[in-house]
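**Student:** Residue numbers (the working numbering): 33 to 199.
Even for Gly, the Cβ is constructed at its ideal location relative to N, Cα and C.
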């Protein structure tokens with residue numbers, strides 16, 4: 033992870049992947065496949081773009097943030113060393129990351145890559161905390177449950193209120 037901005041790669045990789053799952057689960061990326069080829073077996077130039085606009089994605093990212101996306105970023109932020117928890121990173125985790133996640137996913141939609149596996153890093157989800165590498169989950173599929181297990185509603189609400197007070 034980038035030491036200058038330890039949450040950016042986390043958002044672009046793991047939170048974006050969770051958002052894609054949210055989009056499929058809520059039929060926003062509804063996909064009626066036509067043809068004989070499996071999207072996983074197709075070359076990039078053969079994939080059709082997803083018929084979803086950036087405006088629709090940005091609406092959906094708000095719902096996703098309220099459902100679980102914001103909690104994922106809060107979990108990563110909370111895992112940082114105290115000295116690394118700057119107001120800028122708090123603002124990023126609270127608000128800015130959701131737009132970055134929607135732009136990342138929109139780029140995948142435009143190329144059709146959203147329909148193929150993106151090759152998430154295998155094994156543990158690790159975040160550089162400022163002084164060390166910390167395992168946030170044993171694998172990407174456990175990240176959401178780990179975020180819920182290691183954060184409380186009161187902590188998350190206090191984080192949101194603190195971020196709202198910042199300019």
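Report the three-state DSSP secondary structure of residue 33 (helix, strand or coil).
**Tutor:** As a working mapping, residue 33 is identified with position 1 in the chain shown. Because residue 33 carries a pLDDT of 42, less than 50, the predicted location of this residue cannot be relied on, and the following value inherits that uncertainty. Coil at residue 33, not helix or strand.
**Student:** So, are the CB atoms of residue 236 and residue 174 less than 7 Å apart?
**Tutor:** Any question about residue 236 goes unanswered here, given that the chain covers just 33 to 199.
**Student:** Please look up how many angstroms separate the CB atoms of residue 183 and residue 96, rounded, as I've assumed it's under 8 Å.
**Tutor:** Residue 183 sits at position 151 when you count from the first residue of the chain shown. Residue 96 sits at position 64 when you count from the first residue of the chain shown. Distance from residue 183 to residue 96 at the Cβ level is roughly 17 Å; contact not present, criterion being Cβ atoms closer than 8 Å.
**Student:** Have a look at the DSSP bridge pairing and note the partners of residue 159.
**Tutor:** Position 127 of the chain shown, counting from 1, holds the residue named residue 159. Answer is 166, bridged to residue 159.
**Student:** Cβ atoms of residue 144 and residue 61: under 7 Å apart, would you say?
**Tutor:** For the purposes of this step, residue 61 is taken as residue 29 along the chain shown, with counting starting at 1. For the purposes of this step, residue 144 is taken as residue 112 along the chain shown, with counting starting at 1. No. Outside cutoff.
**Student:** Which one of 152, 151, 168 has the shortest CA to CA distance from residue 158?
**Tutor:** The residue you call residue 158 lines up with position 126 of the chain shown. Among 152, 151, 168, the Cα nearest to that of residue 158 is on 168.
**Student:** How big is the Cα-Cα spacing for residue 75 and residue 135?
**Tutor:** Here the question's residue 75 lines up with position 43 in the chain shown. Here the question's residue 135 lines up with position 103 in the chain shown. The straight-line gap from Cα to Cα measures roughly 23 Å.
**Student:** Look at the Cβ atom of residue 125, then the Cβ atom of residue 109, and state whether they are nearer than 7 Å.
**Tutor:** Taking the first residue of the chain shown as 1, we reach residue 125 at position 93. Taking the first residue of the chain shown as 1, we reach residue 109 at position 77. Against a cut-off of 7 Å, the Cβ pair of residue 109 and residue 125 comes out as a contact.
**Student:** So the candidates are 196, 141, 195, 192; which of them puts its Cα closest to the Cα of residue 81?
**Tutor:** Here residue 81 corresponds to residue number 49 of the chain shown, with the count starting at 1. Taking only the C-alpha atoms, the option nearest residue 81 is 141.
**Student:** On the CB-based measure, 16 or more other CB atoms within 10 Å of its CB, does residue 36 come out buried or exposed?
**Tutor:** By 1-based counting over the chain shown, the position of residue 36 is 4. Reliability fails at residue 36, whose pLDDT of 47 lies under 50, so the model's placement of it is uncertain and the value that follows must be treated cautiously. When all chains shown are included, residue 36 counts as exposed.
**Student:** Report the option in 44, 194, 193 whose CA atom is closest to the CA atom of residue 104.
**Tutor:** Sequence index remark: in the chain shown, residue 104 carries index 72 (1-based). Comparing Cα positions, the closest option is 44.
**Student:** Closest by CA to residue 181, which one among 132, 164, 131, 111?
**Tutor:** Looking up residue 181 in the chain shown gives position 149. That would be 111, whose Cα lies nearest to the Cα of residue 181.
**Student:** Within the 7 Å Cβ cut-off, does residue 183 reach chain B?
**Tutor:** Structure shown: chain B not included; a single protein chain is present.
**Student:** Tell me whether the beta-carbon of residue 138 lies closer than 7 Å to the beta-carbon of residue 189.
**Tutor:** Mapped onto the chain shown, residue 138 falls at position 106. Mapped onto the chain shown, residue 189 falls at position 157. Contact flag unset, no.
**Student:** Check residue 198 in the structure and name its three-state DSSP category.
**Tutor:** In the chain shown, residue 198 corresponds to position 166, counting from 1. Three-state DSSP puts residue 198 in coil, outside helix and strand.
**Student:** Where does residue 84 fall in DSSP's three states?
**Tutor:** Working through the chain shown from its first residue, we reach residue 84 at position 52. If DSSP states are grouped into helix, strand and coil, residue 84 belongs with coil.
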